[in-house]
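Enquirer: Mind looking over this structure? Questions follow.
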Amino acid sequence: MTDQDKEKLKSLLLKERVDLEKRLLELTDVDFGSDIDSGEQESDETEELSSNIPVSNSFRDRLSDIDEALEKMEAGTYGICENCGSEISMDLLQVNPESRLCKNCKANG
Numbered sequence: 002m003t004d005q006d007k008e009k010l011k012s013l014l015l016k017e018r019v020d021l022e023k024r025l026l027e028l029t030d031v032d033f034g035s036d037i038d039s040g041e042q043e044s045d046e047t048e049e050l051s052s053n054i055p056v057s058n059s060f061r062d063r064l065s066d067i068d069e070a071l072e073k074m075e076a077g078t079y080g081i082c083e084n085c086g087s088e089i090s091m092d093l094l095q096v097n098p099e100s101r102l103c104k105n106c107k108a109n110g
């Protein structure tokens, strides 16, 4: 993997990180309103927030994966399969830059 490839992938990771943070903020930014809201409206807002929990957990997991990929870039271990130690293909990294496994290990996983 060239330095130019790493920079492109780093840009993808950083862009995805910003996007996920914005989406996570939107999901968790529920306005419970003032005390004059009806009980029904507050119930709807609570239901909306609780239905967003699985999605926000998924976003947090992806953020964690992205952060780990960025840390690996700094450590010089990015793009190495955590299972077999072989290099992860650029094709896979371009689609999923936070990937931890090569195609073979993903297929056999």
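Heads up, the sequence shown is in my numbering, so the first residue is 2 and it goes up one at a time. For glycine and all other residues, C-beta sits at the position ideal for the given N, C-alpha and C.
1) Would you tell me roughly how many angstroms separate the C-alpha atoms of residue 78 and residue 28, rounded to the nearest one?
2) Ordered along the chain, which non-local residues of its own chain (more than five positions away) have a Cβ less than 8 Å from that of residue 91?
3) Can you name the start and end residues of the alpha helix (DSSP H) that residue 106 belongs to?
4) Bridge partners for residue 81 per DSSP, in chain order?
5) Is residue 55 buried or exposed, if buried means 16 or more other CB atoms sit within 10 Å of its CB?
Expert: This is what the structure holds:
1) The residue labelled residue 78 in the question sits at position 77 within the sequence shown. The residue labelled residue 28 in the question sits at position 27 within the sequence shown. So the two alpha carbons sit approximately 33 Å from each other.
2) As a position in the sequence shown, residue 91 is number 90, starting the count at 1. Hits under 8 Å: 2 and 6.
3) Here residue 106 refers to the residue found at position 105 when the sequence shown is read from its first residue. Element bounds for residue 106: 104–109.
4) Position 80 of the sequence shown, counted from the start, is the residue given in the question as residue 81. According to DSSP, residue 81 bridges with 88.
5) As a working note, residue 55 is residue 54 in the sequence shown. Classification for residue 55: exposed.
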